[in-house]
Each structure stands twice: as structure tokens, then as C-alpha cells.
Amino acid sequence: MKNKGIMDKVITIVKWIAIIIIVIAAVQITVNLGTKYISSSPKTTKLGFENVGQLVTQTAYLTVVKDNKKNIDFFNLFKIPFTETRKIFSYDIEVDAGVDFSKITYDVEKEQKNVKIKLPHAKIYKAKINTDSFRSYLDSDSIFTKINMIEHNESLKKMEEQAVKDAEANNMLKFADENAKRIIKGLVNSSDEYKEYNVLFEYLEEK
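According to the working numbering, numbering within the sequence shown proceeds without interruption in unit steps and concludes at 487.
Now the structure itself:
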């Protein structure tokens, strides 16, 4: 009889555990049925270049040769012989040009499927001398004249200015403009929303 009472208690406990498991499962099924996961296609709210800032779109590499001479003049009438110090040397200079993307504005015409871009023309941002590229062609010193560091530094600045002039003369800014438009068009058409749109460009007036 005692064993029968114990068995009855065990059976009762097992029944309650089974009921609890069934209730939990039912609640879980109800929650799952009431929850619907919705995944919509992402929409483009920006065209992708708003936070780019200044972007280099063309780089030119030039070698500039400098001929530095210094001598003593006799009352500006003639140069005194054997007083000339002369140094001929060259550097490779890297010139960067690009567009300030922070100034770009755009307008989307959904009916015509056009994206109108207003942007500034490209500008030269910097010219940087590659000091490892230094080459000396003539290094002649006179005991009467010396080219000091201030004069040498001015020579380097003039070399950078010459590199910029040469780059501009070789249509660097035109190529930088074209590359900027190519980059912008690629950014616009890379989105699913605007991949079939025409990209039209208009340059901002220079102030």
C-alpha cells in the first residue's frame, strides 16, 4: 500500500510536468503566430557623396629642374669673375587636383528619371616635393658667395609653383573635372533606386 501511494504521487507529478510543458509550448506557438517579420527593400536617402569632402580626382607627377646662381656685381655694371656660386638640381613633384564634394548639390526628377548635379570646378589642392627624388647636376661654390637656407627654401617654393603651372598647362584641371563627374555618376547609378537615372551636370559659378 505504501508503495502504491508513492507511485500515485510520482504519476501525479509527471502529469503536472507534462501539463506545464504543453502550456509553455502552446504559449510559444501563439507568440510565434502573432509575430510577423517584415523585411522591406532598403531605400536610398542619400546619393553617397555627401560626406566625402575634398576628393582628389587627378594627380600629376612632374620633374622640375632648378638653376640657382649667385654672384657679386660691380655696381650692377658687370659680374665679378670667380664669385659665382651655382647649383643645378631637380626634384619630382606630385600635384593633386580635385573637387570639394561638400559644395555639391543635387535635385532628383523622378518623372523624368534625372538626377541634376551642381558642382564646383576642380582646383589644385597641393604640390608636394618628393625629397627622395633629388638629383644634382652641378654644385659649384665660390668662397665669396653662398646660397643660404632661406634662398634655398625660396627655390623649393618656386619649384612647386612651376609644377602647378606646368600641370595646369597640361589640362590637369580638365581631367580632374571629368574624373569627378565619372565618380559621381558611378555613385549615383550604383544604388538600386537610381541605377536607371540620367545624371546631368551643371557647374557652379565661381565667386
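Where a beta carbon is used, it is the ideal one built from N, C-alpha and C, also for glycine.
Counterpart residues of residue i in DSSP-defined beta bridges
i	result
G378	V336 and K403
V388	V395
T343	D372
S416	F369
M454	Note on residue identity: the sequence assigns Lys, not Met, to residue 454. In DSSP, K454 forms no bridge with anything.
N410	D372
F354	F358
K349	R366
Residue i CB to nearest heavy atom of the ligand PLP below 7 angstroms
i	result
N450	Absent from the structure shown: the ligand PLP. Ligands present: none.
DSSP three-state assignment for residue i, whether helix, strand or coil
i	result
N469	helix
N459	helix
N421	Per the sequence shown, the amino acid found at residue 421 is Asp instead of Asn. Correct three-state label for D421: coil.
I482	Per the sequence presented here, residue 482 reads as Glu, with Ile not at that position. E482: strand per DSSP, three-state reduction.
I464	helix
K475	coil
K427	One point to set straight first is that residue 427 is Ile, not Lys, in the sequence displayed. If DSSP states are grouped into helix, strand and coil, I427 belongs with coil.
N433	helix
Anticipated Cβ contact below 8 angstroms, residue i with residue j, distance rounded
i	j	result
I384	K398	7 angstroms
L480	K396	5 angstroms
L453	A377	6 angstroms
T337	A447	In fact, because the Cβ distance is near 13 angstroms, the residues do not count as touching under 8 angstroms.
K393	Y477	5 angstroms
L342	V375	7 angstroms
S413	D372	4 angstroms
A443	V344	5 angstroms
L484	P400	5 angstroms
The segment 367-380 touching the segment 340-355, judged by at least three CB pairs closer than 8 angstroms: With a cut-off of 8 angstroms, the segment 340-355 and the segment 367-380 count as touching, because enough Cβ pairs lie within range.
Is the segment 419-426 touching the segment 350-363 in the sense that three or more CB pairs, one from each, lie closer than 8 angstroms? yes
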